[in-house]
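Everything below concerns the one structure shown next.
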Amino acid sequence: MPPSAELAEKYQVAAQFIMSNPSYKKLDFFKELIAQGEIEAQISKTMRLEQASEAQDLVSKGGANGKLVLEIN
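If you're matching positions, the sequence shown starts at 17 in this note's numbering and goes up one per residue.
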């Protein structure tokens with residue numbers, strides 16, 4: 017889902033939707049940006065691994081505005 021232009025303007029930020037097939041080169045590039053504090057992941061929800069089915073439903077229905085994290089304990 018593309019970011020809201022209205023919210024980006026309201027909070028005076030640049031928002032961009034990126035979708036790609038990861039490669040080691042791309043992952044290393046983003047790892048450096050994260051390490052430098054240039055970008056950070058938006059986490060919408062953290063759930064237990066046992067809730068994976070519920071998590072998939074949430075993502076499929078567009079209910080996760082950001083990354084959904086599954087905890088493995």
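We put the beta carbon where it would ideally sit given N, CA and C, even for glycine.
Pull the bridge partners of residue i from the DSSP assignment, please.
i: Ile59; result: Lys83
Around the Cβ of residue i, are there at least 16 other Cβ atoms within 10 angstroms (buried) or fewer (exposed)?
i: Ala71; result: buried
Between the Cα of residue i and those of the options, spot the shortest distance and give me the residue it belongs to.
i: Glu56; options: Tyr40, Lys47, Val75; result: Lys47
i: Ala64; options: Ala80, Gln28, Asn89, Glu54; result: Checking the sequence, you will find Arg at residue 64 rather than Ala. Among Ala80, Gln28, Asn89, Glu54, the Cα nearest to that of Arg64 is on Asn89.
i: Gly78; options: Ala21, Lys61, Glu66, Leu23; result: Lys61
i: Ala68; options: Ser20, Gln32, Leu84, Ile34; result: Leu84
i: Val29; options: Ser36, Ser20, Leu86; result: Ser20
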